[in-house]
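One structure is given here, and the rest of the page talks about it.
Residue numbers (the numbering used here), protein chains in the order written: chain G, 51 to 383; chain V, -4 to 334.
In C-alpha cells, the structure reads:
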C-alpha cells in the first residue's frame, strides 16, 4: 500500500466518437480522495460527473477515449488491462448505481448475486458466502435477511433494492465506494433511510466515498469536500463548509441562489438563464460564460485555470478578484 | 376570496384484473376521499411520495381519469355531471401541464401548432391562432419566430415553457401543474418557477401544483396539501406547514428533506421513518400512515381519523396530532429513532 492518496485523478479526459467528431465529456479533471473521506462531485446533467466515475473504472464502451491519469493506491487505472481492472473493481472499488432495478440481474436471486461478487474475488465461497450475504443484508437494514437472500430483485421495493446494492458493494470490504446518484430514484423518506445506512456502513468499515449527485442538500449532510463540475471541468472545489458558505465561482453561486429552500420562504429565486451546454457544442472559452452574469470578453476567449482562493479552496474563473462577496440572494416577494 | 374549484370526497379506484376472463379481483385505492378548495388566483400545492395518489387526483378532477365517486365543482358548476360538449368548454378554463417535457409534446408538430392547437379545437381561425401562438410564446419567454421549429430543437426547460404556453392558450383560470419542474436541472427549475409566478400575476391564474419536492411546493404555494396513500394527512398554509406541522407524516417528510446547509444538516436530529409505503391495492385499515408512524396507538388501526380543523388555516387527519412547537421526537421520547 502506498502512502499517497487513495485515488488521484490527474488531468483525466474522456471523449466519445460521434458523427460530428470527438465529443469531450470530461475535459481535464484532477482531484484526489484520501482514505476514509467523503468527496462529493456535484453537477447538472451533462457536467461529466457520472462519466468520470465510469471512466476510471473502465466501464465505458470501447469508443470512449480516455486520457490523463487515475491512480488508485499508486496503481494506474487508465489503460489497465481488463483482468487487472476486474481484480480492483468490485473488490477495492465498488460502485452503487442510481437505478437498482437495472443494476441487478432479474433472473438471479439477490443472494446469488451478492455471493457471485464475493466468489469472484475469493472473499467467501458456497454456503459460507450465502450466510455472509444474509449478514450483509441485515447490516444494511433488510428485514428477514435469511428469507430475502432467496428472493428476486422484483420482490424488493426500491429502497430495499438500493440497500441490497449497498450490501453487494461492501461485500468485499472495498476501500472506496462510488455512489452515483444513489437515492435519486427513491422517495424522500426512503432516501433518508438509505443515506443513513451509507453513513453507518462507512463509519464501520472506514471506506472512502465519492458521492456523485445533483442534490446540494445531500452533499451538505454527507461530504467532507465538494467538487463542483460544469461542462466537463471542475469549476470549484473545497471543504464543504467553504463551498456552501463562501462559494467563489459564479456558477456555484448561481446554483445556490436558484434553489428553493425548505427553511426560507417568500424569496424570489434568482435563476441562471439559459441551460447547461451540450457536450457536442461546448463554448470555446469558459463553459459557463454564455450563462454568466459577470461575463467579460476574456471569458469567451479561453477557459480559466483552477486557482486557490484560500487554503484548499479553488475556483476556475477569470474574474475572481473582481467578484462581489457572495450573499445568498433572494429578494422578498 | 371566492372558491374557484371545490373538490368533495373525491374517490378514484382502479380495478385490478386477473385470470383468463380478466375478472376484477381488487382495487387500487389511488385516491380515497380527498376534499379541497382552490380559490381564485391561489396556488395550492399537493405534495406526497410515490403512490400517494397526487397525480391521479389532478387528472381525476379534470376527468382525464373518470373518478369513481365524489364531487368536483368549478365556479359552482358540477364538473362530474357535465356532458361531453360542456366538459370541453369547462376544460378551456381548467388546463394541465405535464411532468415530462419530452413526452407531452408531439415531435412531428412545429411548436406554433402545438401551442395553438387548443385554440383551433375551440374554433379560432388558422390566421388568428398563429398570431396568438406568437404572443403566447413571447409570454413564456421564447422567441415568436421559433414557432416553426420542432420540439427536439429545444432544451428541457424550453419545452416545459412550450407546455405552459399551450396551457395558457385558452385563457384558463386554473392550471393543474403535475410535477412541472422535476425533470429539469436545478438552474433551469428556478427559471420555470419564476415564470409560473409571473404568469400567475399577469393572467390571474390559480394553480394546483402537484410535486414530490417539498422545497419547491412550499416555495410556490399559498397552501399545501400533504397526501399519503390516497388520503389527505394535513392541509395548512405554507408558513404553518413548515413552522408547526401537526401530522406525524408531515413532520417526518419535512425532517427527511435535506437542506443545502452543512451546519444545519450536521446538527439536525432527523426522524427516519422505518419501512416502505404500503401498496395502495391493499391499504392499512384505519389511518393509512399507521404502519410507519412512530407514535401509533391501537385506535389508529380501528378508526379512520377525519380531517378536522386543528388551528386557523390548518386541518389535520390524525387521532393524536402534534401541538404547535411539539416535535415527533419529543413525543417519541426515545433516542433509537432519532439521529
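Glycine is no exception: its CB is placed at the ideal position from the N, C-alpha and C atoms. These numbers come from a predicted model, not from an experiment.
Over what stretch of residues does the beta strand (DSSP E) that includes residue 228 of chain V continue unbroken?
Position 233 of the second chain, counted from the start, is the residue given in the question as residue 228 of chain V. Counting along the chain, the beta strand (DSSP E) containing residue 228 of chain V begins and ends at 226 to 232.
At which residues does the alpha helix (DSSP H) containing residue 300 of chain G begin and terminate?
What you label residue 300 of chain G is simply residue 250 of the first chain in a count that begins at 1. Following the DSSP letters along the chain, one finds residue 300 of chain G inside the alpha helix (DSSP H) bounded by residues 300 to 308.
Which residue wins for smallest C-alpha separation from residue 120 of chain G, given the options G:304, G:56, G:318?
Locating residue 120 of chain G in the first chain gives position 70, counting from the first residue. For the residues G:304, G:56, G:318, the minimum Cα distance to residue 120 of chain G belongs to G:56.
With a cut-off of 8 angstroms on the beta carbons, I'd call residue 92 of chain V and residue 175 of chain V a contact; round off their distance for me.
As a position in the second chain, residue 92 of chain V is number 97, starting the count at 1. As a position in the second chain, residue 175 of chain V is number 180, starting the count at 1. Contact holds; Cβ gap of about 5 angstroms.
Between the stretch 69 to 102 of chain G and chain V, which residues of the former have CB atoms less than 7 angstroms from a CB of the latter, in chain order?
Only those residues of the stretch 69 to 102 of chain G whose C-beta falls short of 7 angstroms from the nearest C-beta of chain V are listed: 94, 95.
Use the C-beta contact count for residue 204 of chain G: other C-beta atoms within 10 angstroms, 16 or more gives buried, fewer gives exposed.
Counted from its first residue, the first chain places residue 204 of chain G at position 154. The residue in question, residue 204 of chain G, is exposed, as its Cβ has fewer than 16 Cβ neighbours within 10 Å.
For the alpha helix (DSSP H) containing residue 194 of chain V, list its first residue and its last residue.
The count along the second chain starts at 1 and reaches residue 194 of chain V at position 199. From DSSP, the alpha helix (DSSP H) with residue 194 of chain V extends over 181 to 198.
Supposed contact pair residue 263 of chain G and residue 92 of chain G - C-beta distance, whole angstroms, cut 8 angstroms
To locate residue 92 of chain G, count along the first chain from 1; it is residue 42. To locate residue 263 of chain G, count along the first chain from 1; it is residue 213. That belief holds up - the Cβ atoms of residue 92 of chain G and residue 263 of chain G are roughly 6 angstroms apart, short of 8 angstroms.
Quick check on the burial criterion: 16 or more other C-beta atoms within 10 angstroms. Buried or exposed for residue 262 of chain V?
To locate residue 262 of chain V, count along the second chain from 1; it is residue 267. Under a 10 Å Cβ-count criterion, residue 262 of chain V is classified as exposed, with fewer than 16 other Cβ atoms of the shown protein chains found around its own Cβ.
Would residue 62 of chain G and residue 83 of chain G qualify as a contact pair, given that the criterion is a beta-carbon distance under 7 angstroms?
On the first chain, position 12 is the one that residue 62 of chain G refers to. On the first chain, position 33 is the one that residue 83 of chain G refers to. Not a contact, by the Cβ cut-off of 7 angstroms.
What are the uninterrupted segments assigned as alpha helix (DSSP H) that are 4 or more residues long and contained completely in the stretch 232 to 300 of chain V, given in chain order?
233 to 238, 243 to 251, 257 to 262, 293 to 297
Could you tell me whether the Cβ atoms of residue 21 of chain V and residue 276 of chain V are closer together than 7 angstroms?
Locating residue 21 of chain V in the second chain gives position 26, counting from the first residue. Locating residue 276 of chain V in the second chain gives position 281, counting from the first residue. When the beta-carbon positions are compared, residue 21 of chain V and residue 276 of chain V come within less than 7 angstroms of each other.
Just to confirm, are residue 111 of chain V and residue 128 of chain V a CB contact at a threshold of 7 angstroms?
Within the second chain, the letter at position 116 stands for residue 111 of chain V. Within the second chain, the letter at position 133 stands for residue 128 of chain V. Yes, these two residues count as a Cβ contact at 7 angstroms.
Please confirm if residue 309 of chain V has its CB atom under 7 angstroms from at least one CB of chain G.
Position 314 of the second chain, counted from the start, is the residue given in the question as residue 309 of chain V. False, the Cβ-Cβ gap to chain G never drops below 7 angstroms.
Consult DSSP for residue 53 of chain G and reduce its assignment to one of helix, strand or coil.
The sequence position of residue 53 of chain G within the first chain is 3, counting from 1. Coil, per DSSP.
I want to know whether the stretch 95 to 111 of chain V touches the stretch 149 to 164 of chain V - three or more CB-CB distances under 8 angstroms.
They touch, by the three-pair rule.
Local conformation of residue 91 of chain G per DSSP, three classes
Here residue 91 of chain G refers to the residue found at position 41 when the first chain is read from its first residue. Strand at residue 91 of chain G.
Using a 10 Å radius around the Cβ and a threshold of 16 neighbouring Cβ atoms, would you call residue 348 of chain G buried or exposed?
As a working note, residue 348 of chain G is residue 298 in the first chain. Counting every other CB atom within 10 Å of its CB across the protein chains shown gives residue 348 of chain G a total below 16, marking it as exposed.
Any idea if residue 377 of chain G is buried or exposed, counting beta-carbon neighbours within 10 angstroms, 16 or more meaning buried?
Taking the first chain and counting its residues from 1, one reaches residue 377 of chain G at position 327. So residue 377 of chain G counts as exposed.
In the stretch 187 to 206 of chain V, which residues sit with their C-beta less than 8 angstroms from some C-beta in chain G, listed in chain order?
So the close ones are 188, 189, 192.
Cutoff 8 angstroms; reference residue 403 of chain G; Cβ partners in own chain excluding five residues on either side:
For chain G, the structure presents residues 51 to 383; residue 403 of chain G sits outside this window and is missing.
Can you tell me where the beta strand (DSSP E) holding residue 118 of chain G begins and where it ends?
Here residue 118 of chain G refers to the residue found at position 68 of the first chain. Residue 118 of chain G -> beta strand (DSSP E) spans 114 to 122.
Run the CB neighbour count on residue 339 of chain V, radius 10 Å, all protein chains shown included, and call it buried at 16 or more, exposed below.
As shown, chain V starts at -4 and ends at 334. That puts residue 339 of chain V outside it, with no answer to give.
Looking at the structure shown, is residue 101 of chain V part of a helix, part of a strand, or coil, going by DSSP?
Position 106 of the second chain, counted from the start, is the residue given in the question as residue 101 of chain V. If DSSP states are grouped into helix, strand and coil, residue 101 of chain V belongs with coil.
Can you list, in chain order, the residues of its chain whose CB lies under 8 angstroms from that of residue 261 of chain G, leaving out five sequence neighbours each side?
By 1-based counting over the first chain, the position of residue 261 of chain G is 211. Contacts found: 88, 89, 90, 91, 229, 232, 268, 269, 272, 273.
Residues within the stretch 144 to 156 of chain G neighbouring chain V, beta-carbon criterion of under 8 angstroms:
none
So which residues of chain G does residue 256 of chain V contact, with C-beta pairs closer than 7 angstroms?
For the purposes of this step, residue 256 of chain V is taken as residue 261 along the second chain, with counting starting at 1. Neighbourhood of residue 256 of chain V in chain G, by CB distance below 7 angstroms: 270, 294, in chain order.
Segment limits, beta strand (DSSP E) that includes residue 364 of chain G
Against the first chain, residue 364 of chain G aligns to sequence position 314. Where residue 364 of chain G is concerned, the enclosing beta strand (DSSP E) stretches over 363 to 366.
Suppose only complete runs of 4+ residues qualify. What are the alpha helix (DSSP H) ranges in the stretch 136 to 202 of chain G, listed by chain order?
150 to 153, 160 to 170, 176 to 189, 195 to 198
Identify whether residue 336 of chain V lies in helix, strand or coil by the three-state DSSP scheme.
The shown model of chain V, from -4 to 334, leaves out residue 336 of chain V, and the question about it has no answer.
List in chain order: all unbroken beta strand (DSSP E) runs of 3+ residues lying wholly within the stretch 270 to 354 of chain G.
275 to 280, 283 to 289
Find the residues of chain G that neighbour residue 249 of chain V, judging by a C-beta separation of less than 9 angstroms, and give them in chain order.
Stepping through the second chain from its first residue, residue 249 of chain V is reached at position 254. Chain G residues near residue 249 of chain V: 312.
According to DSSP, which residues form a beta bridge with residue 223 of chain V?
Taking the first residue of the second chain as 1, we reach residue 223 of chain V at position 228. Residue 223 of chain V pairs with V:226.
Going residue by residue through the stretch 196 to 273 of chain G, where are the continuous alpha helix (DSSP H) segments of at least 4 residues, counting only ones entirely within it?
208 to 219, 238 to 255, 266 to 272
How should residue 17 of chain V be labelled, buried or exposed, when 16 other C-beta atoms within 10 angstroms of its C-beta is the threshold for buried?
Numbered from 1 along the second chain, position 22 holds the residue referred to as residue 17 of chain V. So residue 17 of chain V counts as exposed.
Whose Cβ in chain V lies nearer than 8 angstroms to the Cβ of residue 306 of chain G?
Along the first chain, read from residue 1 onward, the residue named residue 306 of chain G stands at position 256. Ordered by position in chain V, the residues that pass the 8 angstroms Cβ test against residue 306 of chain G are 255.
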